[in-house]
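In this note's numbering, the protein residues as written are 30 to 375.
A short write-up of the structure that comes next.
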C-alpha cells in the first residue's frame, strides 16, 4: 500500500486502482477485505492506513521496500489465475513489483523463463515448474543453483533428495481434497467410486495418488483410473470417457470424480445422449473448481485454496528475503474445501 503513504495517508479508490494498474473492482474487493480485518480505514470512496505515514499494512508480513519478485506459472486463464491473484494482492499490499513468466506444461522452458525473471531484477522467485515423477534430475538441477531465494508454489520435488527438495514449498493438499470428495460420495451411499483424471501436471499426479490412498482408507477397492489424456498426451475424446463411465454405471459404479473442470463439464450432456442423467443416474464431482459452478447442472467440486496459496507463498518469500539469520525450509500445505452443488444429488 505504498501508494497510500505517498500522498499523505489517504487516497481515492479510483486513484489507487490507476496507480496500481489493476481494475477498480479488484481494489474495492481487496480494500473491503482489509477493512474488515481492521488493517485500514475505508470511508466514502477513500482508503487510509490506520497509522498515517506507514508503508506497511499491519499483519501482511511486512514491507517489501520496492523489491521485485518473479512468478513462474505454467498457464494463465484457468487454475493459476487465482494463484496469481493471491500473489498480486500480497505483493501490492507489501509494495513489491511483480513480474510474471509463463512456461507451458511439457515445453521445457522453465529455466529460460526464470533466467528472464532474474534479468528483470527479481530478488526472489515464486516457482511452479514442471516437476513430475519420472523427470530426469538433470532437467531440473537448475533449481538447486538459483542465485536468489525461491519458493515452490503448488509443487514439491518428485523425490526427497531430488532437485528443489530443500526449497520452501507452499501448496494445496490435493490428497486431502480427494479424500473429502470420496467421503462425500460414501455419505451419499456410494460403495464404489471411479476416477477420471489427467496425468500431465503435479495436481493430476497428486489426485491420482490421493484416490488410491483414500479408497483404501474408506474400505473401498480402487478401480482402474480412466485416463483423460489419450495418446501422446493429447486430450482423450470426451465421448470415449462418457462411454467408459456409462459402462461402469451399468456394472454398479455410479459415482465419478473427474479431474479437471473442463473435462467434467463436458460429461453431463454426453451421458444424457447415452441415456444417463446427472445426478439421477451418475453422481459427479469435479476437481479444481475453476468453472464447475457454470456447468448444467452445477457441479459439486473440490476447491483447492488457490488464492490463499499465492498469498501464503508470497508472505513466506518475504520472510525469507527479510531474514537476518538462516530459516529452516518450510513446507506448507493448505486444505481444500468441498463446494456442494447439485451434481451429486442427495
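Backbone N, C-alpha and C fix where the C-beta goes; we use that ideal spot for every residue, glycine too.
Bear in mind that the values here come from a model prediction, so they are computed numbers and not experimental data.
Option in 239, 254 and 123 with minimal Cα separation from residue 226: Per the C-alpha coordinates, the member of 239, 254 and 123 positioned closest to residue 226 is 254.
Beta strand (DSSP E) segments (min. 3 residues) lying fully within the segment 214 to 277: If we require 3 residues or more, the beta strand (DSSP E) runs fully inside the segment 214 to 277 come out as 223 to 226.
First and last residue of the uninterrupted beta strand (DSSP E) at residue 195: Where residue 195 is concerned, there is no enclosing beta strand (DSSP E), given that its DSSP letter is neither H nor E.
Boundaries (first-last residue) of the beta strand (DSSP E) holding residue 126: Residue 126 -> beta strand (DSSP E) spans 126 to 131.
Inter-residue CB distance, residue 177 and residue 196 (contact presumed, cutoff 8 Å): Their Cβ separation, rounded to whole angstroms, is 12 Å, which puts residue 177 and residue 196 out of contact at 8 Å.
Minimum C-alpha distance to residue 132 - residue among 192, 230 and 126: The shortest Cα separation from residue 132 among 192, 230 and 126 belongs to 230.
Secondary structure of residue 359, DSSP reduced to three states: Residue state, collapsed to three classes: coil.
C-alpha gap between residue 287 and residue 106, whole angstroms: Residue 287 and residue 106 have their C-alpha atoms roughly 20 Å apart.
Between the CA atoms of residue 182 and residue 156 - distance to the nearest angstrom: Roughly 6 Å separates the two Cα atoms.
Segment limits, beta strand (DSSP E) that includes residue 159: Taken as a continuous stretch (DSSP letters only), residue 159 belongs to no beta strand (DSSP E), as it is neither H nor E.
Span separating the alpha-carbon of residue 297 from that of residue 266: Their backbone Cα atoms lie some 14 Å apart in a straight line.
Per DSSP, cross-strand counterpart(s) of residue 97: Bridge partners of residue 97: 126.
Closest residue to residue 55 among 119, 100 and 95 (Cα-Cα distance): Taking residue 55 as reference, the option from 119, 100 and 95 with the minimal CA-CA separation is 119.
Three or more C-beta pairs below 8 Å linking the segment 200 to 219 and the segment 361 to 374: These segments touch.
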